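Worksheet: the structure to be examined is printed underneath.
In my numbering, the protein residues as written are 40 to 265.
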């Protein structure tokens, strides 16, 4: 699932991007209304998380312009404006759901997934889950199973494995993996991805899956030859 997160508070933005990425979602984030309107059609998100108090262009105006442009992506408003009147205005402008701050992260995830399911075409839930060797990625929970047992992984190992399982047999760039594994963590060295790969590779023993390094390209996950 791809999300566009529009939140002007850097700390909140980084926290939400990190948390949702760890739960198996691909999150693109921006901090003001004009950036949101630029990124929305390019990112093609499944759900938009939209704060109302934004610099440059208020969140309600962003939503109104998006709906006038014919963009039908489900929108979940996240805001400290929690009065009934504010909710009515947001829903009448074209929002699909409304979650006042502060909110529980589990409830946020549940609402995002509900919006995604509501928009999914018939038969979407019947699509096979990603599998590599004996590994299976559960789309709803984001957990990775080896046969019937959940792999015990750190949040960073899980984020990296989820990204690779989403594109089995295809290279995923090191820079892209860094964004997914260390979202918003500017003080982390780029080479930290290699440490996570090393640890994850050891945990994939006897899984029927092999984590391969492609110099200059990144990494890929494929079924083991034996």
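Beta carbons: idealized from backbone N, C-alpha and C, even for Gly. Only a predicted model underlies this, so the values are computations on that prediction, with no experimental measurement involved.
Length of the line joining the Cα atoms of residue i and residue j
i, j, result
"residue 53", "residue 192", "21 angstroms"
"residue 86", "residue 112", "6 angstroms"
"residue 222", "residue 232", "12 angstroms"
"residue 110", "residue 91", "18 angstroms"
"residue 140", "residue 117", "7 angstroms"
"residue 103", "residue 127", "14 angstroms"
"residue 119", "residue 183", "35 angstroms"
"residue 199", "residue 107", "38 angstroms"
"residue 217", "residue 177", "22 angstroms"
"residue 82", "residue 56", "15 angstroms"
"residue 194", "residue 62", "9 angstroms"
"residue 254", "residue 236", "14 angstroms"
"residue 68", "residue 79", "10 angstroms"
Residue i (DSSP reduced to helix, strand or coil)
i, result
"residue 111", "coil"
"residue 77", "helix"
"residue 139", "strand"
"residue 147", "helix"
"residue 90", "strand"
"residue 168", "coil"
"residue 162", "Its pLDDT being 45, under 50, residue 162 is placed unreliably in this model, and the coordinates cannot settle the point."
"residue 190", "coil"
"residue 41", "strand"
"residue 99", "helix"
"residue 185", "strand"
Sequence-distant residues of its chain with Cβ nearer than 6 angstroms to residue i (five each side left out)
i, result
"residue 214", "none"
"residue 70", "47"
"residue 60", "66, 198, 219 and 222"
Exposure of residue i, with buried meaning 16 or more beta-carbon neighbours within 10 Å
i, result
"residue 203", "buried"
"residue 196", "buried"
"residue 248", "buried"
"residue 252", "exposed"
"residue 189", "exposed"
"residue 143", "exposed"
"residue 263", "exposed"
Residues near residue i by beta carbon distance below 7 angstroms, same chain, minus five either side
i, result
"residue 207", "169, 171, 260 and 261"
"residue 238", "196"
"residue 186", "173"
Same chain, Cβ closer than 8 angstroms to residue i, neighbours up to 5 away in sequence not counted
i, result
"residue 101", "45, 72, 75, 76, 89 and 93"
Could I get the ranges of all uninterrupted beta strand (DSSP E) runs contained in the segment 217 to 264, with 3 residues as the minimum, in chain order? 248 to 253 and 257 to 262, all fully within the segment 217 to 264.
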